[in-house]
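Position one of the sequence shown corresponds to residue 1 (UniProt numbering), numbered consecutively onward.
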Amino acid sequence: MKVLVTGANGFIANNLYPLLTAAGHESFALVHKHQNAIPRYVQTLHMDDLGEHYFDVVINLAGANIAAKRWTAKRQRELFDSRVQFTRKLFNALKQKPSVLLNASAVGYYGFDEYKTFLEDTPPNGGFTHHLCSAWEQEAHHFEDAGVRTTIFRLGVVLGHGGALAKMEWPFKLGLGGKIGNGKQFFPWIHIHDVCRFILQAMQDEQYQGTYNLVSPQAITQAEFAKAYGKALNRPTVLPTPTVVLEKLLGDMSQLLTKGQHVVPQALMNQKFTFEYQSIDEALKSLT
């Protein structure tokens, strides 16, 4: 199949390309300008080129890093534009609509609540992350309205070589890792390998339609994650980070670290999707 990938230079995309090629698919990366980081075996295209092409599958991973900068008003606009406005432009640029759209989202869709359990159909709380993800998903539904089989996957923290884990590695190696606040906030996570397996499966299996929580079925707290990562690195995790420090340093963005959600991948479990990495210890062992 001909597969177009957006967010083409990102963490998930770069893990996905070799698997797409190994499965016999032809990969195209949507880029803003020439990017040397894209593998040579992946063809690059610009938005203006899309009208000349038909793709069997579009995998929309676009979006500025939500954890890279404080959520100033300017940054919030950038986060919206790189997801919501981008997806609208993508829809308009694809004169021939694909057969399948796989569109990323995040568990931030649900907002934050330490007492609720969130299934795919659980009513969300409000807040910035909910409004961002909800608006992004609404744009993806335009593809569905046009007859495209549309699958939206709400990601937890994706663990792999790179991504969020790369930012945590050195503090933990220096013995500075530990619980954040009281550490009781939930930490929804998934191994990058299971993300890629889901995408490859959903591309071809017509049963995959609608919205999926793409998180491990093992619910853990942030303190449990910190303990497991310290164990994997053979480093102590006794130094806590007070919530107030992060709130002063990061502003509203600190919610990504100090708050969490108990998210259950109910739709995936209903479809008998097999997670290769179901325990955090097993996942981190494979990455250290």
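We put the CB at the ideal spot given by N, CA and C, even for glycine.
Specify, as a first and last residue, the run of the alpha helix (DSSP H) that residue i falls within.
{"i": "D194", "result": "I192 to Q204"}
{"i": "N270", "result": "Q266 to N270"}
{"i": "D121", "result": "Counting along the chain, D121 falls outside any alpha helix (DSSP H), and DSSP gives it neither H nor E."}
{"i": "T44", "result": "Where T44 is concerned, there is no enclosing alpha helix (DSSP H), although the beta strand (DSSP E) it sits in stretches over Q43 to L45."}
{"i": "A13", "result": "F11 to A22"}
{"i": "Q255", "result": "Q255 to T258"}
{"i": "N60", "result": "Counting along the chain, N60 falls outside any alpha helix (DSSP H), though it belongs to the beta strand (DSSP E) covering V57 to N60."}
{"i": "V245", "result": "T243 to L250"}
{"i": "I280", "result": "I280 to K285"}
{"i": "L50", "result": "First-last for L50: undefined, no H or E at that position."}
{"i": "F86", "result": "F86 to A93"}
{"i": "K74", "result": "A73 to F80"}
Assuming residue i and residue j make a contact with CB atoms under 8 Å, what is their CB distance in whole Å?
{"i": "residue 289", "j": "H191", "result": "Missing from the structure shown is residue 289; the chain here goes from 1 to 288 and no further."}
{"i": "F187", "j": "Q138", "result": "Going by Cβ atoms, the distance from F187 to Q138 rounds to 27 Å, so no, they are not a contact pair."}
{"i": "Y212", "j": "T151", "result": "7 Å"}
{"i": "F112", "j": "D252", "result": "At roughly 11 Å, the Cβ-Cβ gap does not stay under 8 Å, so F112 and D252 are not in contact."}
{"i": "A104", "j": "N60", "result": "6 Å"}
{"i": "K173", "j": "R235", "result": "6 Å"}
{"i": "G126", "j": "Q185", "result": "The pair is not a contact, with the Cβ atoms about 18 Å apart (cut-off 8 Å)."}
{"i": "residue 311", "j": "V158", "result": "What is shown of the chain runs 1 to 288, which leaves residue 311 out entirely."}
{"i": "R149", "j": "V100", "result": "5 Å"}
Cβ atoms of residue j and residue i: under 8 Å apart, would you say?
{"i": "residue 300", "j": "T237", "result": "There is no way to answer for residue 300, as the model of the chain reaches only from 1 to 288."}
{"i": "P217", "j": "F275", "result": "yes"}
{"i": "V58", "j": "S27", "result": "no"}
{"i": "N15", "j": "G160", "result": "yes"}
{"i": "Q271", "j": "Q207", "result": "yes"}
{"i": "F55", "j": "P98", "result": "yes"}
{"i": "L30", "j": "L20", "result": "no"}
{"i": "G7", "j": "A62", "result": "yes"}
{"i": "P123", "j": "H130", "result": "no"}
For the beta strand (DSSP E) containing residue i, name the first residue and the last one.
{"i": "L102", "result": "V100 to A106"}
{"i": "M28", "result": "Inspection of the sequence shows that residue 28 is occupied by Phe rather than by Met. Here the beta strand (DSSP E) through F28 covers E26 to L30."}
{"i": "L4", "result": "K2 to T6"}
{"i": "N234", "result": "First-last for N234: undefined, no H or E at that position."}
{"i": "Q261", "result": "Q261 to V263"}
Could you tell me whether the Cβ of residue i comes closer than 8 Å to any Cβ of chain D?
{"i": "V264", "result": "Absent from the structure: chain D. Only one protein chain is present."}
Notebook entry, point to check: In chain order, which continuous runs of the alpha helix (DSSP H) of length 4 or greater are located wholly inside the region 130 to 215?
Noted result: 163 to 173 and 192 to 204
Next item on the list: Decide yes or no for the touch test of the region 112 to 125 against the region 71 to 83: beta carbon pairs closer than 8 Å, at least 3 of them.
Entry: A contact is defined here as three or more CB-CB pairs under 8 Å, and the region 112 to 125 fails this definition with respect to the region 71 to 83.
Check: Is it a yes or a no for the region 193 to 202 touching the region 165 to 173, going by three-plus beta-carbon pairs under 8 Å?
Finding: no
Notebook entry, point to check: Are the region 76 to 95 and the region 36 to 44 touching, with three or more C-beta to C-beta distances below 8 Å?
Noted result: no
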